[in-house]
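Here the protein sequences line up with chains F and H, keeping their order. Per the working numbering: the first sequence ends with 181, consecutive numbering throughout. Per the working numbering: the second sequence ends with 512, consecutive numbering throughout. For glycine and all other residues, C-beta sits at the position ideal for the given N, C-alpha and C. Step one of this worksheet: look at the structure below.
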Amino acid sequence: MNEAALLDNSLILGAILFGIGMVGMIARRNMIVMFLCAEMMLQGVSVSLVAWGRYHNDFGGQMLVIFILTVAACEAGLALALFVVLFQRSGSLDITYWQELREDNQPAYVDRDVPEAEDAAKVTWPHLAPAGIEPPKNPEKELHRSRV
Amino acid sequence: MSANEHLVYSTVLAALGLWLMLPPSGHRLRAVGMVVAASGFGWLMARMPGMGDWASDAAFWTLAAATIAAAVAAVVSHNPVYCALWFALSLLGTAGVFAVQGAQFLAAATIVVYAGAIVVTFLFVLMLAQPDGTAFYDRVGWGRVTSLLACACPAVIVGVLAMLLAGELPAHEAAAPTAESLAAGVAHGEHVARLGGTLFTQHLVAVELAGTLLLVALVGAVAITAHERQRGSRSDRSGAAMGKGATR
Numbered sequence: 034m035n036e037a038a039l040l041d042n043s044l045i046l047g048a049i050l051f052g053i054g055m056v057g058m059i060a061r062r063n064m065i066v067m068f069l070c071a072e073m074m075l076q077g078v079s080v081s082l083v084a085w086g087r088y089h090n091d092f093g094g095q096m097l098v099i100f101i102l103t104v105a106a107c108e109a110g111l112a113l114a115l116f117v118v119l120f121q122r123s124g125s126l127d128i129t130y131w132q133e134l135r136e137d138n139q140p141a142y143v144d145r146d147v148p149e150a151e152d153a154a155k156v157t158w159p160h161l162a163p164a165g166i167e168p169p170k171n172p173e174k175e176l177h178r179s180r181v
Numbered sequence: 265m266s267a268n269e270h271l272v273y274s275t276v277l278a279a280l281g282l283w284l285m286l287p288p289s290g291h292r293l294r295a296v297g298m299v300v301a302a303s304g305f306g307w308l309m310a311r312m313p314g315m316g317d318w319a320s321d322a323a324f325w326t327l328a329a330a331t332i333a334a335a336v337a338a339v340v341s342h343n344p345v346y347c348a349l350w351f352a353l354s355l356l357g358t359a360g361v362f363a364v365q366g367a368q369f370l371a372a373a374t375i376v377v378y379a380g381a382i383v384v385t386f387l388f389v390l391m392l393a394q395p396d397g398t399a400f401y402d403r404v405g406w407g408r409v410t411s412l413l414a415c416a417c418p419a420v421i422v423g424v425l426a427m428l429l430a431g432e433l434p435a436h437e438a439a440a441p442t443a444e445s446l447a448a449g450v451a452h453g454e455h456v457a458r459l460g461g462t463l464f465t466q467h468l469v470a471v472e473l474a475g476t477l478l479l480v481a482l483v484g485a486v487a488i489t490a491h492e493r494q495r496g497s498r499s500d501r502s503g504a505a506m507g508k509g510a511t512r
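Laid out in structure tokens, this is it:
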């Protein structure tokens, strides 16, 4: 393939990688997976930069990618340290546990219908006879519990 | 069908497939989504400009297809460990694309730094935090509507960029570098020596700054985790003191 076609194909490949990373960043809830998707967006940009550098016959694009690598390594170290601390506080990697940082007038995100696990049908639970007095219910806590 | 219509339909198809594969879909829907997404991305790649000599282009197409397929799998996998592993495969594909473009040092550095260090660190934290694998929030996600919107926005971005590029191809061909100029520049025989020369002469200040940034990030990461550990051990100690008081 000639140089112009190589440039355009690489730019489209970079755009697709960036787009897929963006999908994951928005649509996933696991903090680590979201961060992986951010790294994927960086990869898409890197592919485009290298392609432009070759097209202009200049090392500038590859220089930028080297610095992207450096910054991504710093970012990964800091973010993973942060995730470990957040996990120790909440007991989960779910990003919705941190929605209590939202503004006062925003409604909480609540999981309406959580499907059972794939192998839930195989588990048989013992039947317990009800005993004692039923405690008073707090409807807000039943909908949204921020901590385990 | 005009070139733009091809692009519109292929990006819509790819986005629909991705949406079907994202949580909260079950196995059957994900299989359907996989077929739809594969046909969409295949169509989009077939519309890439400059489809000429298949044999000489095979390396680029294989690497691009592997990169995209692994990236899709990384985004839709329910188990985060599989996400990290698929992401590593996608990184290998990216490194191959770098190598095709003549960036040998970057290809090696991507494998060593990303696949070798960053993904392994991710896996460490995943194993520490989520040893059971799939959790409910990996299976449900944000729900159908949000993930549809999340697929639609990047599809529009990619589609519009591809349309713009399709019109630019003749202009790019006119200004493309020749093989001789490339051999004297980016694709020189002593590629790494040239790259290092540029890096340590024109970008020396940036290299020093990047080194400082790495050190600051290291100290910051240690500070974040050490602070938390101190906090935890202090509460342990107070708990132990309380227990002692109770037994006394």
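Cross-chain neighbours of residue i in chain F, by beta carbon under 8 Å
i, result
"H:L349", "Result: empty, since nearest Cβ-Cβ is about 11 Å, beyond 8 Å."
"H:D402", "R61, R62, N63, V66"
Neighbouring residues, chain H, relative to residue i (Cβ below 8 Å)
i, result
"F:E72", "F351, Y378, I382"
"F:A141", "Simply none; closest approach about 14 Å."
"F:Q95", "A367, F369, L370, V450, L459"
"F:A84", "Q365"
"F:E167", "Going along chain H, no residue has its Cβ under 8 Å from F:E167, so there is no contact; the nearest lies around 26 Å."
"F:E173", "Neighbours of F:E173 on chain H: none; closest Cβ ~20 Å, over 8 Å."
Chain B within 8 Å of residue i, Cβ atoms only
i, result
"H:H436", "In the structure shown, chain B cannot be found, because the protein chains are F and H."
Within 8 Å, strictly: CB atoms of residue i and residue j
i, j, result
"H:A419", "H:A278", "yes"
"H:A474", "F:F100", "yes"
"F:M73", "H:S354", "yes"
"F:M55", "F:I128", "no"
"H:S274", "H:W325", "no"
"F:S43", "H:V336", "no"
"H:T331", "F:L102", "no"
"F:V104", "F:G94", "no"
"F:D41", "H:L429", "yes"
"H:G357", "H:A334", "yes"
"F:A141", "H:S411", "no"
"H:I421", "F:V118", "no"
"H:A372", "H:A352", "no"
"H:V340", "H:L390", "no"
"F:R62", "H:W406", "yes"
As assigned by DSSP and simplified to three states, the class of residue i
i, result
"F:N63", "strand"
"F:D137", "coil"
"F:A162", "coil"
"H:G503", "Residue placement at H:G503 is poorly supported in this model, since its pLDDT is 43, which falls under 50; the coordinates are not used for a value here."
"F:D127", "strand"
"H:R408", "helix"
"H:S445", "helix"
"H:E454", "coil"
"H:T511", "Confidence at H:T511 is low in this model, with a pLDDT of 36, below 50, so its placement is unreliable and the value that follows should be read with caution. Three-state result, H:T511: helix."
"F:F92", "coil"
"H:H436", "helix"
"H:H467", "coil"
"H:S354", "helix"
"H:S274", "helix"
"F:N171", "coil"
"F:V143", "coil"
"H:D396", "coil"
"H:Q368", "helix"
"F:N192", "Because chain F spans 34 through 181 in this model, residue 192 of chain F falls outside it and cannot be assessed."
Rounded Cβ spacing between residue i and residue j (contact assumed at less than 8 Å)
i, j, result
"H:A359", "H:I382", "With 8 Å as the limit, H:A359 and H:I382 do not qualify as a contact, their Cβ atoms being about 13 Å apart."
"H:L282", "H:C417", "Not really, about 12 Å apart at Cβ, beyond 8 Å."
"H:L463", "H:V471", "6 Å"
"H:L387", "H:A348", "5 Å"
"H:A481", "F:G110", "5 Å"
"H:L459", "H:F369", "5 Å"
Chain F contact residues for residue i, given Cβ-Cβ distances below 7 Å
i, result
"H:W406", "A60, R62"
"H:H467", "M96"
"H:V422", "A48, I49, G52"
"H:T385", "A109, L113"
Amino acids of chain H, ordered along the chain, whose beta-carbon sits closer than 7 Å to that of residue i
i, result
"F:R87", "Q365, G366, V450"
"F:S43", "V361, Q365"
"F:L69", "A338, C347, A348, F351, F386"
Amino acids of chain H, ordered along the chain, whose beta-carbon sits closer than 9 Å to that of residue i
i, result
"F:V80", "T331, T358, V361, F362, Q365"
"F:D137", "Those within 9 Å of F:D137 in chain H number zero; the least Cβ separation is about 22 Å."
"F:A106", "V377, Y378, A381, I382, L478, A481"
"F:Q132", "The premise fails here: F:Q132 is roughly 12 Å from chain H at the closest Cβ pair, so nothing lies under 9 Å."
Neighbour list for residue i in chain F, Cβ cutoff strictly below 9 Å
i, result
"H:S289", "By Cβ distance, chain F contributes nothing, its closest Cβ being about 10 Å from H:S289, past 9 Å."
"H:T326", "Residues of chain F passing the Cβ test: none, with the nearest at roughly 12 Å."
- Item | Sufficient close CB pairs (3 or more, under 8 Å) joining the region 79–89 of chain F to the region 112–127 of chain F | no
- Message: Whether or not the region 451–460 of chain H and the region 295–312 of chain H are in contact is what I'm after, with contact meaning three or more pairs of Cβ atoms, one per stretch, closer than 8 Å; do they touch?
- Response: no
- Does the region 339–353 of chain H touch the region 402–412 of chain H, meaning 3 or more C-beta pairs lie closer than 8 Å? yes
- Query: So does the region 434–444 of chain H actually touch the region 319–338 of chain H, counting three or more Cβ pairs closer than 8 Å?
  - Reply: no
- Message: Taking contact to mean 3 or more Cβ pairs, one atom from each stretch, closer than 8 Å, check whether the region 42–54 of chain F and the region 75–83 of chain F are in contact.
- Response: yes
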